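Going by this note's numbering, the sequence shown opens with residue -12, and the numbers climb by one from there. Positions of the beta carbon are idealized from the N, C-alpha and C atoms, including for glycine. Owing to the predicted nature of the structure, the values given are computational and were not obtained by experimental measurement.
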Amino acid sequence: MSERVNVTVDGVAVEVEPGTTILQACEAAGAEIPRFCYHEKLSIAGNCRMCLV
């Protein structure tokens, strides 16, 4: 079992699994990040650059 990672997004602390994307961590913290091309069941394309960090 892998150790969870502590992440703080806009002052909200959440624990996520290693390998969690920034978008997924933000979602877990309740922060909505605008995006067009991301979908959890598809490979990462990054074509629109809307959610670029």
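Query	Result
Kindly indicate which residue of Thr8, Ala15, Arg22, Val3 has the alpha-carbon position closest to the one of Cys35.	Arg22
Is Cys24 buried or exposed, if buried means 16 or more other CB atoms sit within 10 Å of its CB?	exposed
List the residues that DSSP assigns as beta-bridge partners of Thr(-5).	Ala0
Between the Cα of Val40 and those of Ser(-11), Arg(-9), Val(-8), Val(-4), spot the shortest distance and give me the residue it belongs to.	Val(-4)
So what's Ile20 in DSSP terms, helix, strand or just coil?	coil
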